[in-house]
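Enquirer: For the sequence shown, this note's numbering gives the first residue as 346, with consecutive numbering after it.
Built from N, CA and C at the ideal position, the CB exists for glycine as well.
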Amino acid sequence: MKTNKYSLAVTLLCAAVLTGCNSDTKLNSPPLIGVNSFVTETDVAITDKVAAQDIDGDRLTFALNAQPANGSVTLSADGNFTYTPSAEFTGSDSFAITVTDGELSAAGQVNITVEVATVSFLSYSRTAFAQEEDATPLSVNGRNFTMDAMAEADYADLLDGL
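Here it is as structure tokens:
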């Protein structure tokens, strides 16, 4: 009978210890930053949102760690951003961010590809022709021109009266 009392006492003690270990305390996981790659064209700003999530459902706050080397960015606390490439820049650029859930944080990078802009030669040359004498010349860097001006007639209205 003593064995049963001791067995019962040990069982109750183990149950109490294990119940104490089974805490409902919520463990916080750090935010997860997704793949953030975006594409724009020369001299064209892009507005989008950084992809991130928190598996605990905590509200996320975003911060900019470093500006891009070939442009500028504004980043809102909710993850929305506007990236503006430097004038005439084409290529790859990136900026560093931190995402926090109020307790834990994660660092990440947003990658931007700035592609060559395809531009109508006819439209671009008409704009250049209409510029004032003291205007800044139109840039041709970072542009791929479509050869859509094939005949003198394409400029007939500009040449009349000269």
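Is it right to say Leu503 is buried, meaning 16 or more other beta carbons lie within 10 angstroms of its own, or is it exposed?
Expert: Numbered from its first residue, the sequence shown carries residue 503 at position 158. Exposed, by the Cβ-count rule.
Enquirer: Let me check understanding here. Comparing Cα to Cα, which of Ile391, Thr463, Thr435 and Ala396 lies closest to Thr429?
Expert: Taking the sequence shown and counting its residues from 1, the one referred to as residue 429 is at position 84. Ranking Ile391, Thr463, Thr435 and Ala396 by Cα distance to Thr429 puts Ile391 first.
Enquirer: Report yes if the C-beta distance between Gln376 and Asp446 is below 7 Å; otherwise report no.
Expert: Reading the sequence shown from its first residue, position 31 is the one you call residue 376. Reading the sequence shown from its first residue, position 101 is the one you call residue 446. A quick correction: the sequence has Pro, not Gln, at residue 376. Yes, they are a contact pair.
Enquirer: Is it buried or exposed for Leu420, if we count other Cβ within 10 angstroms and need 16 for buried?
Expert: For the purposes of this step, residue 420 is identified with residue 75 of the sequence shown, where counting begins at 1. It counts as buried.
Enquirer: Taking buried to mean at least 16 other C-beta atoms within 10 Å of its own C-beta, is Leu483 buried or exposed?
Expert: Position 138 of the sequence shown, counted from the start, is the residue given in the question as residue 483. It counts as exposed.
Enquirer: Comparing alpha-carbon positions, which option in Ile378, Val395 and Ser465 lies nearest Thr427?
Expert: As a working note, residue 427 is residue 82 in the sequence shown. The shortest C-alpha separation from Thr427 is found at Val395.
Enquirer: Leaving out the 5 sequence neighbours to the left and right, which residues in its chain are closer than 6 Å to Gly453 when beta-carbon positions are compared?
Expert: Residue mapping note: residue 453 aligns to position 108 of the sequence shown, counting from 1. Contacts found: Ile378 and Ile442.
Enquirer: Here's the rule: buried if 16 or more other CB atoms are within 10 angstroms of the residue's CB, otherwise exposed. What is Ser468?
Expert: Stepping through the sequence shown from its first residue, residue 468 is reached at position 123. Classification for Ser468: exposed.
Enquirer: Using a threshold of 7 Å, state whether the C-beta atoms of Ala418 and Phe383 are closer than that.
Expert: Stepping through the sequence shown from its first residue, residue 418 is reached at position 73. Stepping through the sequence shown from its first residue, residue 383 is reached at position 38. According to the sequence as given, residue 418 is Val; it is not Ala. Not in contact: Val418 and Phe383 (Cβ atoms no closer than 7 Å).
Enquirer: For the putative contact between Thr463 and Thr491, defined by C-beta atoms under 8 Å, what is the C-beta separation to the nearest angstrom?
Expert: Residue numbering aside, residue 463 sits at position 118 when the sequence shown is read from its first letter. Residue numbering aside, residue 491 sits at position 146 when the sequence shown is read from its first letter. Contact flag correct, Cβ pair sits at about 6 Å.
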